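Going by the working numbering, the first residue of the sequence shown is number 474, and it counts up by one from there.
C-beta: ideal position from N, C-alpha, C; glycine also.
All values derive from a computational prediction rather than experimental measurement.
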Amino acid sequence: MEPISLFFKHLALPSPLCRLMEDLADIPDLSRGQAMLGGGNPAHIPEVEAAVTKAVMDLAKDPSGLARAIGDYDPPRGNIRFIEVLSELLRRRYGWPIGPDNIALTNGSQSAFFALMNLLAGRMDDGTSRKVLLPLAPEYMGYMDAAVDPGVFVTIPAKIELIGDHSFKYHPDLDAIRIGPDIGAICVSRPSNPSGNVLSDSELERIWQLAAGHHVPLILDCAYGPPFPDIVYTQVSAFWRPGTILCLSLSKLGLPGVRTGIVIADPVVIHAVASINAATGLAPGGVGPAIMTRLIEEGRLETLCQEVIRPFYSRRAQMAVQILTDRLGGLPFRIHRPDGGFFIWLWLEGLPVGCLDLYERLKAAGVVVVPGRHFFIGSARDWPHADQCIRISYTTDQAHLEFGLDRLCTVIRQLYQAG
474 MEPISLFFKH LALPSPLCRL MEDLADIPDL SRGQAMLGGG NPAHIPEVEA AVTKAVMDLA
534 KDPSGLARAI GDYDPPRGNI RFIEVLSELL RRRYGWPIGP DNIALTNGSQ SAFFALMNLL
594 AGRMDDGTSR KVLLPLAPEY MGYMDAAVDP GVFVTIPAKI ELIGDHSFKY HPDLDAIRIG
654 PDIGAICVSR PSNPSGNVLS DSELERIWQL AAGHHVPLIL DCAYGPPFPD IVYTQVSAFW
714 RPGTILCLSL SKLGLPGVRT GIVIADPVVI HAVASINAAT GLAPGGVGPA IMTRLIEEGR
774 LETLCQEVIR PFYSRRAQMA VQILTDRLGG LPFRIHRPDG GFFIWLWLEG LPVGCLDLYE
834 RLKAAGVVVV PGRHFFIGSA RDWPHADQCI RISYTTDQAH LEFGLDRLCT VIRQLYQAG
C-alpha cells in the first residue's frame, strides 16, 4: 500500500464531524417514523426567511447589488462594505475600540477555526509545540478536527452543579487552569456547543484575565451568542477586548447555506486569516455579507434577534425539557440547564450501554441525535460522564420534535428496564 500523508490521515478519513454532517443528508420522513434531532442546522423561522427574502429581492433590484455579490471576487479579508458596516455597529452598540482592520470574513466558522487552530498551535518554527487549552469540557467537536497536528488540545473537565432532581449545570474549574509556555491559545464556546451552558460574565472575565496575564489569545466562539444571533436566555454581556479573537457566524441566524464566518481580532490575526483565505479559497463568498449589510443598514438585525429568533428557541427549549421530563419520569436522568443555543444536553446516569451504542439504537429506531462522547476531547474522554450524554437539537418542526423525543424516551426506558 502506498504511504499516505499525515494531512490525509488526519483530515481525509471519516471523522465524527463528517458523520454528523452526513446524517443531515438523510431527510427525515415522519410518515416513515423518522426524526432528525442531530446536526446543527437552524430552524426555518418564517419571519427570518421573509426578512432574508426581502433583502435578496432588494439586492436583485439594485443594479450593482446581487450582480456584485455573485459576480465579483471580494478581497481575501472579505466584503469591505459589510466589514465597515459591522465595525460601526459594534462600536456604536458596545463601545468596542475596533475598526475595519479588526474584522475578517471566512467561508463559515469552521474555516475560521481551521485557520486559528493551526496559526496558534502545533509545531512552531523554533522546534517547540504549542497547544490549545479548552477550559470547559465537553466542548465543540469541530475544534478537534480543525487542527492538523495531533495532540493539540488540553482539556479540563467541567465542574458539575446538581440542580433539583433532574437538572444540572457545568462550571469551569478555574482553579485547575494552568497556562505554561506550551499553551498557544485558550478557546471556549459561549453558549456552549453541545450543552447550552453559558459562561457568566464573571467566569469569562476570569478566563480572559488568565489568558491576558500570560499573553495568550482567547478564542471566544459566539456562533450562537451575542452580538448575533444572541440566542441566550440569561443576562450576559457581549465580550471583546484586545487580545480576544471573537468568532461569529451567519449560520445560526438562519443562513447556513451562505457559509459566512466572522473573525474579530487584533490586526495581526486578521492579516493572517486573510492570507490563509487567499491560499485556501481565494476569498470569502459575497452573498451572506450582502444580505447582512442590508439587514444592518435597515435596522432589522437586532429586531430579528431579540423579538423573533431568541423567543422562538426559548419556547422550543421549554417544550423539549417538558417532554423529556414527563416521558423519562422515574429514570436517573438530568438535563443541562438550557441557557442558550438550540440543543438539549441529556445526561443519563448509569446508562446500561455507552452513548455510541445508544446513538446506533436510536438511529435504527428512526431518531438521529449526536453521541456525547465526541464532545469530550483528549483526556476528558476518560471521564465516565462522557459516555452517558447525548446532544439533542430542537430546531426541527414541532411534529418531528414531539415524535422524535417520544421515541427517544421509549428507547431509553427500554434500555434501563432491560438493565
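Would you decide whether residue i is buried or exposed? Buried here means 16 or more other CB atoms lie within 10 Å of its CB.
i	result
K604	buried
I636	exposed
Q583	buried
M474	Note that M474 scores a pLDDT of 47, beneath 50, so its modelled location is shaky; the value from the coordinates is reported in the next line. Exposed.
Q887	exposed
R788	exposed
Y616	buried
G803	exposed
L721	buried
D547	buried
R651	exposed
P654	exposed
I885	buried
S537	exposed
A585	buried
S662	buried
H873	buried
H421	Residue 421 lies beyond the range of the chain shown here (474 to 892); nothing can be said about it.
L878	buried
A540	exposed
R880	buried
K725	buried
For the alpha helix (DSSP H) that contains residue i, what are its first and last residues?
i	result
W820	Premise fails: W820 lies in the beta strand (DSSP E), F816 to L821, not in any alpha helix (DSSP H).
D674	D674 to G686
I553	I553 to Y567
H873	Q871 to A891
I543	L539 to G544
Nearest-angstrom Cα distance between residue i and residue j?
i	j	result
R810	I704	14 Å
N591	I659	13 Å
A751	L532	26 Å
Y613	G761	24 Å
D830	R566	47 Å
S849	V625	Looking at the sequence itself, residue 849 is Phe, so the reference to Ser does not match. One C-alpha to the other measures close to 14 Å.
W713	W818	27 Å
A594	A619	11 Å
S710	F701	12 Å
L693	V841	29 Å
A508	T883	14 Å
T869	R800	19 Å
Looking at the secondary structure, which residues open and close the beta strand (DSSP E) in which residue i lies?
i	result
L578	I576 to T579
R846	Taken as a continuous stretch (DSSP letters only), R846 belongs to no beta strand (DSSP E), as it is neither H nor E.
L721	T717 to S722
R834	Where R834 is concerned, there is no enclosing beta strand (DSSP E), although the alpha helix (DSSP H) it sits in stretches over C828 to A837.
Closest to residue i by C-alpha separation, out of the options, would be which residue?
i	options	result
I865	T766, K725, S662 and N666	N666
I749	A588, A838 and Y697	A588
P784	I796, A756 and G814	G814
D648	Q779, P573 and P608	P608
G669	Y867, D598 and I553	Y867
Y832	L821, P844 and P825	P844
A610	M597, S602, P623 and P630	P630
(request) Please go through the region 744-826 and give each complete alpha helix (DSSP H) segment of 4 or more residues, from N-terminal end onward. (result) 760-770 and 783-800
(request) Ignoring anything shorter than 3 residues or poking outside the region 598-673, list the beta strand (DSSP E) runs there in chain order. (result) 602-610, 626-630, 632-636, 640-644 and 656-662
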